[in-house]
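Worksheet: the structure to be examined is printed underneath.
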Amino acid sequence: MSFLTILRQYASKTDPATLPPTVLFSHSTTTLTIFDAYPKATFHFLILPRVSPNCPSSALANLKSVLAWDKDKAKQCIRDLQSNALELRDKIEEEMMEKYGFKWDVWMGFHAVPSLEHLHLHVISSDLCAPALKNKKHYNSFHSKLGFFLHLNDVLEWFDATESHFKTMAKLEKSKYEPLLKDDLVCHRCYERQKNIPTLKTHLQSHFDKDVQKAKGKAILILKRKREDDESSDGRKDQAKKASVDQDKDS
Numbered sequence: 001m002s003f004l005t006i007l008r009q010y011a012s013k014t015d016p017a018t019l020p021p022t023v024l025f026s027h028s029t030t031t032l033t034i035f036d037a038y039p040k041a042t043f044h045f046l047i048l049p050r051v052s053p054n055c056p057s058s059a060l061a062n063l064k065s066v067l068a069w070d071k072d073k074a075k076q077c078i079r080d081l082q083s084n085a086l087e088l089r090d091k092i093e094e095e096m097m098e099k100y101g102f103k104w105d106v107w108m109g110f111h112a113v114p115s116l117e118h119l120h121l122h123v124i125s126s127d128l129c130a131p132a133l134k135n136k137k138h139y140n141s142f143h144s145k146l147g148f149f150l151h152l153n154d155v156l157e158w159f160d161a162t163e164s165h166f167k168t169m170a171k172l173e174k175s176k177y178e179p180l181l182k183d184d185l186v187c188h189r190c191y192e193r194q195k196n197i198p199t200l201k202t203h204l205q206s207h208f209d210k211d212v213q214k215a216k217g218k219a220i221l222i223l224k225r226k227r228e229d230d231e232s233s234d235g236r237k238d239q240a241k242k243a244s245v246d247q248d249k250d251s
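Position 20 of the sequence shown, counted from 1, bears residue number 20 in full-length UniProt numbering, the numbering being contiguous throughout.
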């Protein structure tokens, strides 16, 4: 199985349950959700449209081919991805709360020029802290404001725009997007420039570590307030009980 076409192979399976659990996260009648083999953040999944007679692999090669397909079918295909992505985001946020005690942004979008065949929607947490993020291309391809990463909602808005705007955006010209991968390394959170990937990764990790510490501080404050409220409530109960006893004595 060629690595470049592996997603198409997954999406063509009539029974996705045969995929190994290290690959498959979930599936529906129209989509397949898998773990990214080389995650670029703490949470990173891919959602693929499944190949079927109504959705041939030729139309699903990439976002450009989908947008060149029947417009109504293309919009429905992307809507199906969105529906599953929103459910997945909820599950990711639940795990964030369980493991880290707070939630942070989860992005949903496509690469303008994908490296693998078959349309796939990235659902990725915004920390971008992961060992597999190793070079400028990796980082810039997920930078939320650079332009190579096409946010799902933005793509869906193309369908409701004028026909000329839709056709312009649907071209997805490599000459427009590929140079973005060579842009300088700039933090997507504070816009500070970084000289190389190691310094960028250290910088991003420091942002995340601060978020974790802030969340811990909030959790401690909440527990402290709860304890104070409980103690205050117990005090009021004791006073009420004492008053009741005193009243019984007087009577």
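Glycine included, each C-beta is placed from N, C-alpha and C at the ideal position.
- Counting other Cβ atoms within 10 Å of its Cβ, valine 155 reaches 16 or more and is therefore classed as buried.
- Under the three-state reduction of DSSP, arginine 50 is assigned to coil, being neither helix nor strand.
- Annotation: phenylalanine 142 is outside any beta strand (DSSP E); the continuous alpha helix (DSSP H) that includes it extends over 136-142.
- With contacts defined by Cβ atoms closer than 9 Å, leucine 81 and leucine 150 do not form a contacting pair.
- With respect to serine 126, histidine 188 sits close: the two C-beta atoms are nearer than 9 Å.
- Collapsing the DSSP output to three states places arginine 8 in a helix.
- The region 31-41 makes contact with the region 130-145: 3 or more CB pairs, one atom from each, lie closer than 8 Å.
- Within the UniProt domain "Aprataxin C2HE/C2H2/C2HC zinc finger" (146-210), the complete beta strand (DSSP E) segments of 3 residues or longer fall at 149-151, listed in chain order.
- Counting along the chain, serine 83 sits inside no beta strand (DSSP E); it lies in the alpha helix (DSSP H) bounded by residues 71-100.
- DSSP places threonine 31 within a strand segment (E or B) once states are collapsed to three.
- Shown here, serine 26 sits in a strand according to DSSP, grouped into three states.
- Counted as a single uninterrupted DSSP element, the beta strand (DSSP E) harbouring serine 125 occupies residues 121-125.
- Rounded to whole angstroms, arginine 8 and isoleucine 78 show a C-alpha spacing of 16 Å.
- By the Cβ neighbour-count rule, asparagine 135 is exposed, with fewer than 16 other Cβ atoms within 10 Å of its own.
- Between the alpha carbons of proline 114 and arginine 89 lies a gap of roughly 22 Å.
- In this structure, Cys55 is the residue among Cys55, His111, Ala215 with its C-alpha nearest to the C-alpha of threonine 31.
- Looking at the backbone, the Cα of phenylalanine 166 and that of phenylalanine 148 are separated by about 17 Å.
- Considering only Leu146, Ser65, Lys103, the residue with the shortest C-alpha distance to histidine 118 is Ser65.
- Relative to tryptophan 107, the option among Asp211, Glu95, Ala85 whose CA is nearest is Ala85.
- For phenylalanine 3, the secondary structure class from DSSP, reduced to helix, strand or coil, is helix.
- In this chain, the alpha helix (DSSP H) harbouring valine 66 covers 63-67.
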